[in-house]
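Under the numbering used here, the first residue of the sequence shown carries the number 1, and numbering increases by one thereafter. Yeah, the Cβ is synthetic: ideal placement off N, Cα and C, and Gly gets one too.
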Amino acid sequence: MLERFYPDVYISSTYKIDFDEYYRQGYRGIIFDIDNTLVIHGAPADKRSAELIEKLHNMGFQILFLSNNKEPRVKMFSDAVKGKYIFKAGKPGKKGYLQAMEMLGTDKRTTLFVGDQLFTDVWGARNTGIFSILVQPIDKKEEIQIVLKRYLEKAVLTFYRLKCRKEGKKYLEEGTDGD
Numbered sequence: 001m002l003e004r005f006y007p008d009v010y011i012s013s014t015y016k017i018d019f020d021e022y023y024r025q026g027y028r029g030i031i032f033d034i035d036n037t038l039v040i041h042g043a044p045a046d047k048r049s050a051e052l053i054e055k056l057h058n059m060g061f062q063i064l065f066l067s068n069n070k071e072p073r074v075k076m077f078s079d080a081v082k083g084k085y086i087f088k089a090g091k092p093g094k095k096g097y098l099q100a101m102e103m104l105g106t107d108k109r110t111t112l113f114v115g116d117q118l119f120t121d122v123w124g125a126r127n128t129g130i131f132s133i134l135v136q137p138i139d140k141k142e143e144i145q146i147v148l149k150r151y152l153e154k155a156v157l158t159f160y161r162l163k164c165r166k167e168g169k170k171y172l173e174e175g176t177d178g179d
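Listed below in structure tokens is the structure:
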């Protein structure tokens, strides 16, 4: 039952993901959550996030930001890094993920999702059939409703860790610096 919340990969940071390897595997679209995945909650795009998005575009990836946040916040970030976006996405519902793939021109086999929350980001991606990468949140300070969900996430991640150990798989990957 808890498996529906398990990510395909759990890594310490978005900035440690080996995107070159995913491109070699045939992935061509990346759907990103923004807050606590690319920048701290509510922050504008910073140099690090802009450089990553530019690098991914140059590699040939199509990029889209999928957020449950309101348009002004999502548009501000997206415009700064020249990306497509969907606001008030209704994650974990499938609709936003399906619309994102349509906008990217990709499908379930060629799309990655990167986010920091199990019950919205990962669950939605898995329900849609998209490869999901869970990253640790950038900032530990979060809104109360997210803080409460983090306690439940810890329980799910405990079972995920046990499953990983049993299968001889890494639980939390450190990744590379992406350079």
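Between the beta-carbon of residue i and the beta-carbon of residue j, is there less than 8 Å?
i, j, result
"Lys149", "Phe113", "no"
"Asp139", "Ile40", "yes"
"Leu56", "Ile31", "no"
"Pro137", "Asp107", "no"
"Gly93", "Gly124", "yes"
"Leu2", "Phe159", "yes"
Residues in the same chain with beta-carbon distance under 6 Å from residue i, minus the five sequence neighbours each way, listed in chain order, please.
i, result
"Arg161", "Tyr171"
"Asp8", "Phe131, Ser132"
What residues match up with residue i in a beta bridge as DSSP calls it?
i, result
"Leu66", "Ile86"
"Tyr10", "Leu134"
"Val81", "Paired residue(s): none; Val81 is not in a bridge."
Quick one: using the 10 Å Cβ neighbour count with 16 as the cut-off for buried, is residue i buried or exposed?
i, result
"Asn68", "buried"
"Arg126", "buried"
"Asp179", "Because the pLDDT at Asp179 is just 42, under 50, the model does not fix this residue reliably, and the value given afterwards should be weighed accordingly. Looking at its Cβ environment, which holds fewer than 16 other Cβ atoms inside 10 Å, Asp179 is exposed."
"Asn36", "buried"
"Gly96", "buried"
"Tyr151", "exposed"
"Lys141", "exposed"
"Lys91", "buried"
"Phe33", "The sequence as given places Asp at residue 33; Phe does not occur at that position. Classification of Asp33: buried, given that the 10 Å Cβ count is 16 or more."
"Glu167", "exposed"
Since residue i contacts residue j with CB under 8 Å, what's their CB separation in whole angstroms?
i, j, result
"Arg28", "Gly60", "7 Å"
"Leu66", "Ala100", "5 Å"
"Leu104", "Gln62", "4 Å"
"Phe5", "Val135", "Not a contact, Cβ separation roughly 15 Å."
"Val74", "Ile53", "About 14 Å separates the two Cβ atoms, so there is no contact after all."
Can you list, in chain order, the residues of its chain with a C-beta nearer than 7 Å to that of residue i? Leave out the 5 residues immediately preceding and following it.
i, result
"Lys88", "Asn68, Lys70"
"Met76", "Pro44"
"Asp110", "What sits at residue 110 in the sequence shown is Thr, not Asp. The residues are Gly26, Tyr27, Arg28, Gly29."
"Glu174", "Ser12, Lys16"
"Tyr22", "Leu112"
"Asp46", "Val39"
Determine, for residue i, whether the minimum Cβ-Cβ distance to residues of chain C falls below 8 Å.
i, result
"Leu2", "Absent from the structure is chain C; it holds one protein chain and no more."
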